[in-house]
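Numbering (the working numbering), first residue to last: 70 to 361.
Glycine is no exception: its CB is placed at the ideal position from the N, C-alpha and C atoms.
Since the structure is predicted, the reported quantities are computational estimates derived from the model, not experimental observations.
Below is one structure, written out as structure tokens; the observations come after it.
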């Protein structure tokens, strides 16, 4: 894969921005949420115990609502078991009590919001809070299927070769050569200026998708793509697409909320358990539950 990172698109090629009225409503909701966030006590997050195989590194996730806390606990369990990762995990959540018994896992409490775009805005915010040089953000509905130490080394080597301090996997949505927002890797402090621009675009309410917002602010160099095939959507494995036709799944498998909602739960549970080796199966399948 070329070290020339991206194809910059004309904004006119992106999905139509939301109307001024919808953007204004989002701004008001986001401002209200931020006021509630400021009222919460905010102590520095603890450093936790580092994984000797992954020095200067932490994992972050977002779990807003009971459903996604449940899925996040399963993600963390696969990260520990198949991923063989013992280092710190930080979870931005409105349900910190669900992570109280998890070892070397530290909740960062935020207010609940039913607005998904507000939850997505926690992605760039997460990188502001963590005391590590390298940080990987992993979606709560991602399953880890292999040790991550080698992946971590490859990601650091990739950062050393490209101009961007932030890596994403290549995605086909909203346009070819877009960026998948479900697995980010960054040299944290160097990436903060770019992540703050992404946060500003998310808070503007201009687009409903965090991926579209990321594509809107991308430059010819940033973000850069990973140069491996370590990430795949679960539906491509289930449907036997050419990308999924491999002996072993890649390191990270993204289940996606669409599959959680639309796929028969028992069949999905069986696939996760029997094919991907998931020991802690989530209990919560189906639509996002407002207010939970």
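{"Asked": "Where residue 217 and residue 275 are concerned, what is the direct C-alpha to C-alpha distance, given to the nearest angstrom?", "Found": "35 Å"}
{"Asked": "Once DSSP output is grouped into helix, strand and coil, what is the label at residue 86?", "Found": "coil"}
{"Asked": "Of the residues 297, 296, 338 and 298, which one's Cα is nearest the Cα of residue 307?", "Found": "338"}
{"Asked": "Under DSSP, the alpha helix (DSSP H) around residue 334 begins and ends at which residues?", "Found": "334-339"}
{"Asked": "Just to confirm, are residue 236 and residue 154 a CB contact at a threshold of 9 Å?", "Found": "no"}
{"Asked": "Take the Cβ of residue 149 as the centre, count every other Cβ of all protein chains shown within 10 Å, and call the residue buried at 16 or more, exposed below.", "Found": "buried"}
{"Asked": "Anyone know if the C-beta pair for residue 144 and residue 215 falls short of 9 Å?", "Found": "no"}
{"Asked": "Check this for me: beta carbons of residue 130 and residue 158, under 9 Å apart or not?", "Found": "yes"}
{"Asked": "Taking the CB atoms as reference points, tell me whether residue 284 and residue 247 lie closer together than 9 Å.", "Found": "yes"}
{"Asked": "Pick helix, strand or coil for residue 147, following the three-state DSSP scheme.", "Found": "helix"}
{"Asked": "So, helix, strand or coil for residue 258, using DSSP?", "Found": "helix"}
{"Asked": "Do the CB positions of residue 128 and residue 205 come within less than 9 Å of each other?", "Found": "yes"}
{"Asked": "Is the stretch 248-265 touching the stretch 80-88, taking contact as three or more C-beta pairs under 8 Å?", "Found": "no"}
{"Asked": "Round the Cβ separation of residue 189 and residue 279 to the nearest angstrom and send it over; I've been treating them as touching at under 8 Å.", "Found": "4 Å"}
{"Asked": "Buried or exposed: which applies to residue 160, given that a residue is buried once 16 or more other Cβ atoms fall within 10 Å of its Cβ?", "Found": "buried"}
{"Asked": "Residue 193 lies in the alpha helix (DSSP H); which residues open and close that run?", "Found": "185-198"}
{"Asked": "Taking the Cβ atom as the reference point for each residue, do residue 147 and residue 349 lie within a distance shorter than 9 Å?", "Found": "yes"}
{"Asked": "What does DSSP give as the partner residue(s) for residue 129 in the beta ladder?", "Found": "159 and 206"}
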